[in-house]
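Student:
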Amino acid sequence: MTAARKPWTKRKDAPARLSGRAGVERRARWLYAHPLCLHCMEGTPSRVSAGVIVDHVLPLSRGGADDESNLQTLCRACDRIKTAADLGQKLVYGCDESGFSLDPNSAWCKR
Ligand SMILES: [Zn+2]
60 MTAARKPWTK RKDAPARLSG RAGVERRARW LYAHPLCLHC MEGTPSRVSA GVIVDHVLPL
120 SRGGADDESN LQTLCRACDR IKTAADLGQK LVYGCDESGF SLDPNSAWCK R
């Protein structure tokens, strides 16, 4: 029987990424310079949403680089959509902590 890896240990094959204080500072700098959700702005119709997620365009798990050429700002709803697509999963919409639907196409989100 092999010893199970402790859940908080880093895998040997884990992609290199910025972590700790340097990662937190880069996230803050990125969101300051790129405060709006890119997918909402490029969508049809275009919307303006505050970005809160610094996302890797090409996920690190698929060989994406952990540098600024591979980063984009997303809102929570767009991040859920992209993450589900990246993982090949079907997205189940719910609502956020304020009760608004996370489905960007919901009638409640239309303006
Ligand atoms: Zn968005």
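Heads up: the sequence shown begins at 60 in the working numbering, then just goes up one per residue. From the three backbone atoms N, C-alpha and C, an ideal C-beta is built for every residue, glycine too. These numbers come from a predicted model, not from an experiment.
What does the alpha-carbon distance come out to for the pair L161 and S105?
Tutor: Using only the alpha carbons, I get a separation of about 17 Å.
Student: Closest by CA to N164, which one among T68, S120, V151?
Tutor: Taking only the C-alpha atoms, the option nearest N164 is V151.
Student: Using a Cβ-Cβ cutoff of less than 6 Å, which residues in the same chain neighbour Q131 once the five nearest sequence positions on both sides are dropped?
Tutor: Hits under 6 Å: L97, D114, V116.
Student: Thinking C-beta only, is L133 closer than 8 Å to G110?
Tutor: In contact: G110 and L133 (Cβ atoms closer than 8 Å).
Student: Leaving out the 5 sequence neighbours to the left and right, which residues in its chain are closer than 8 Å to W167 when beta-carbon positions are compared?
Tutor: Closer than 8 Å at the Cβ level, and outside the excluded window around W167, lie F159, S160.
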